[in-house]
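The structure appears below as structure tokens.
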Amino acid sequence: MSIETQILKGLLEGCLLKIIEKEEIYGYKAVERLNEIGFDVNEATVYPILTRLTNKGILRVEKRPSPYGPDRKYYFITDLGEESLQEFDTTWQHIQSVVNKVMDGGQG
Amino acid sequence: MRDSKNKLLKIFIIILKIFLIDLGVCLLLTLLWFLSLNSTFNSYVFITGLVTILIAFLLSLVIIMIGEFLLFDSIVNFLRRKKGYEKFLNEDYFREYEKIKAIISPAFSRIKRKEVLNDVLEIMISAQEQGRNVKDVVGNSDEFAFNIIESYGLINPRWIHLLNGIMVSLCLLFGSHLGIWFMERMNFFNALIPSIFVILSILLGIVLFIISYNLKRRDKLKKVRILLYFIFGSFTLLLLISIIGDFYELPLFNYLFHPNIAVIPNVYVLSLYLFIIVATLLLNQYFRKKSLRQFIKNP
Numbered sequence: 001m002s003i004e005t006q007i008l009k010g011l012l013e014g015c016l017l018k019i020i021e022k023e024e025i026y027g028y029k030a031v032e033r034l035n036e037i038g039f040d041v042n043e044a045t046v047y048p049i050l051t052r053l054t055n056k057g058i059l060r061v062e063k064r065p066s067p068y069g070p071d072r073k074y075y076f077i078t079d080l081g082e083e084s085l086q087e088f089d090t091t092w093q094h095i096q097s098v099v100n101k102v103m104d105g106g107q108g
Numbered sequence: 001m002r003d004s005k006n007k008l009l010k011i012f013i014i015i016l017k018i019f020l021i022d023l024g025v026c027l028l029l030t031l032l033w034f035l036s037l038n039s040t041f042n043s044y045v046f047i048t049g050l051v052t053i054l055i056a057f058l059l060s061l062v063i064i065m066i067g068e069f070l071l072f073d074s075i076v077n078f079l080r081r082k083k084g085y086e087k088f089l090n091e092d093y094f095r096e097y098e099k100i101k102a103i104i105s106p107a108f109s110r111i112k113r114k115e116v117l118n119d120v121l122e123i124m125i126s127a128q129e130q131g132r133n134v135k136d137v138v139g140n141s142d143e144f145a146f147n148i149i150e151s152y153g154l155i156n157p158r159w160i161h162l163l164n165g166i167m168v169s170l171c172l173l174f175g176s177h178l179g180i181w182f183m184e185r186m187n188f189f190n191a192l193i194p195s196i197f198v199i200l201s202i203l204l205g206i207v208l209f210i211i212s213y214n215l216k217r218r219d220k221l222k223k224v225r226i227l228l229y230f231i232f233g234s235f236t237l238l239l240l241i242s243i244i245g246d247f248y249e250l251p252l253f254n255y256l257f258h259p260n261i262a263v264i265p266n267v268y269v270l271s272l273y274l275f276i277i278v279a280t281l282l283l284n285q286y287f288r289k290k291s292l293r294q295f296i297k298n299p
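Sequence order for the protein chains is V and E.
Mind the numbering: the first sequence is residues 1 to 108 in my numbering, read in order.
Mind the numbering: the second sequence is residues 1 to 299 in my numbering, read in order.
Given below as structure tokens:
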């Protein structure tokens, strides 16, 4: 897996958590929101991330009837998820400031 | 890389088909063998044999053509029919769904598989309703399926295929020993099985693994088809060798068909066999159900 993909996956996880914290959401809506923000993702990228976060206990799932087919999974953030989001936010702020310093030529 | 793999597979399939053709040859040769008064070589038997081979070859070819175009296609169409929510998918979406299903299915337990496939169906049906192209939704369907498997922390399904191959070989060897023991009614540990049984048992395990491993990204039905070829081919080979052995009485054939290998010579080997079979079964189940345990750990 390339570094770019790994970074993107990490960022997507954090952004998904933030989106889910704000509103109850299902897979397709999550993809739509991410694309509105400016990511270029599809269900094939987002669904495995949602599954992994659910398996880790960071998200919980509620099934509701779908107008089209099988029950639709709605994702909600758990307490563990809130902690992970907080952790992501802190890490991201730190990385962002460090990278900005380097990019602005402030190093050394 | 994938092209060379496909070429190898095609060659492999052609060889298996040749075995199937041989089946017809052997059936007629067997008949010829029974009709002849003795099994010693003479020119009459030889010429009649050659003509029979030619006729059998042509007949088998026709049978294969009929089987390929009518029988297999009918079975494939029957098995490929859409079930349940799959009926909501159009052909493009259904084709990709089938590919994903073929990869996902061996990796999950029955309950988990149903849940994951329902998720995939929900995603696909919703996207289809939005009028989106299937490729924009799933991208590379193989990668999508493997990402799903990985998201459950599951081991690559190729290990499950390897375990299945080992399991088949062991069960066939054990079954052969039991069969010989039952027929000969001797002491259980004194039963000997012909070398050809050992060779074919191991070969079948390897073939099963190779086919599953290489075709894991393809339609599951292709595996069934190739396995059928292999089974026919094995029988053909057995018959062919046994007939040639009777005609020419070569030492090699005598060696292959003479019961000379003690697969289970004592209670220790028997225990080892049973242990490996149970361990293989348990490992297989472990890999399949790891996702369920993960849920129990992190509800």
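Here a beta-carbon is modelled for each residue, glycine too, at the ideal position from N, C-alpha and C.
From a predicted model like this one, the values you see are computed outputs, not experimental measurements.
Compute the beta-carbon to beta-carbon distance between V/Y47 and E/I148, rounded to the nearest angstrom, for a pair I have assumed lies under 8 Å. Beta-carbon to beta-carbon, V/Y47 and E/I148 are separated by about 7 Å, close enough to satisfy the 8 Å threshold.
From which residue to which residue does the alpha helix (DSSP H) around V/R33 run? Note, V/R33: alpha helix (DSSP H), 27-37.
For the beta strand (DSSP E) containing V/K63, name the first residue and the last one. Annotation for V/K63: the continuous beta strand (DSSP E) segment containing it runs 59-64.
Going along the chain, which residues of its own chain have a beta-carbon closer than 6 Å to the beta-carbon of E/V137, five neighbours each way excluded? A127
Proximity below 8 Å, CB of E/P259 to CB of E/I193: Yes, they are a contact pair.
Buried/exposed call for E/L37, threshold 16 Cβ in 10 Å: Because the pLDDT of E/L37 is 48, which lies under 50, any placement of that residue in the model is unreliable, and the number read from its coordinates should be weighed accordingly. With fewer than 16 other Cβ atoms within 10 Å, it is exposed.
Taking 8 Å as the CB-CB limit, is E/I104 close to chain V? no
Quick one: which residues of the stretch 23-51 of chain V get their C-beta closer than 8 Å to a C-beta of chain E? List them in chain order. G27, Y28, N42, E43, A44, T45, Y47, P48, I49, T51
Inter-residue spacing [alpha-carbon to alpha-carbon] between V/L53 and E/A145: 17 Å
Mind checking the stretch 109-137 of chain E against chain V and listing, in chain order, the residues whose C-beta falls within less than 7 Å of any C-beta there? N118, D119, L121, E122, I123, I125, S126, A127, E129, D136, V137
Verify the CB distance criterion: does V/K73 have a CB-CB separation below 8 Å to chain E? Yes, V/K73 counts as interfacial toward chain E.
Could you pull out every residue in the same chain whose Cβ sits closer than 7 Å to the Cβ of V/G57, ignoring the five residues on either side in sequence? Excluding the 5 residues flanking it on each side, V/G57 has same chain C-beta neighbours closer than 7 Å at T78, L80, in chain order.
In three-state terms, what does DSSP make of V/F76? strand
For V/S66, go through chain E and note every residue whose CB falls closer than 9 Å to its CB, in chain order. E122, I125, S126
Using a Cβ-Cβ distance under 8 Å, would V/N100 count as near chain E? no
Cβ neighbour criterion (16 or more within 10 Å) applied to E/G165: buried
If we ignore side chains and look at the alpha-carbon of each, how far apart do E/I180 and E/Y268 end up? Distance between the alpha carbons of E/I180 and E/Y268: 20 Å.
Between the CA atoms of V/E87 and V/R119 - distance to the nearest angstrom: With chain V represented from 1 up to 108, any question about residue 119 of chain V goes unanswered, as that position is not in the structure.
Closest Cβ-Cβ distance between E/N90 and chain V: below 8 Å? no
Straight-line Cα distance separating E/K87 from V/C15: 35 Å
Spatial distance of E/D142 from E/I100 (CA atoms): 6 Å
For V/G81 and chain E, any beta-carbon pair shorter than 8 Å? By this cut-off, V/G81 is not an interface position.
Go to E/N260, then tell me how far its beta strand (DSSP E) extends in each direction, as first and last residue. From DSSP, the beta strand (DSSP E) with E/N260 extends over 259-261.
Below-8 Å beta-carbon distance, E/F189 vs any chain V residue: Using a Cβ-Cβ cut-off of 8 Å, E/F189 does not count as an interface residue toward chain V, since no Cβ of chain V sits closer than that to its own.
Could you pull out every residue in the same chain whose Cβ sits closer than 8 Å to the Cβ of V/Q93, ignoring the five residues on either side in sequence? Counting only Cβ-Cβ distances below 8 Å, and skipping sequence neighbours, we find nothing.
Tell me, to the nearest whole angstrom, how far the beta carbon of E/L117 is from that of E/I125; I am working on the premise that it is less than 8 Å. E/L117 to E/I125, Cβ: 12 Å. No contact.
N- and C-terminal bounds of the alpha helix (DSSP H) containing E/E122: 110-129 is the span of the alpha helix (DSSP H), which, as asked, contains E/E122.
Confirm, please, whether the CB-CB distance from E/F174 to E/Y273 is below 8 Å. yes
C-alpha distance - V/D71 paired with E/L121, whole-angstrom precision: 10 Å
E/L271: buried (16+ other C-beta within 10 angstroms of its C-beta) or exposed? What sits at residue 271 of chain E in the sequence shown is Ser, not Leu. Around the CB of E/S271, fewer than 16 other CB atoms lie within 10 Å, so the residue is classed as exposed.
Cα-Cα separation, V/K18 to E/Y97: 30 Å
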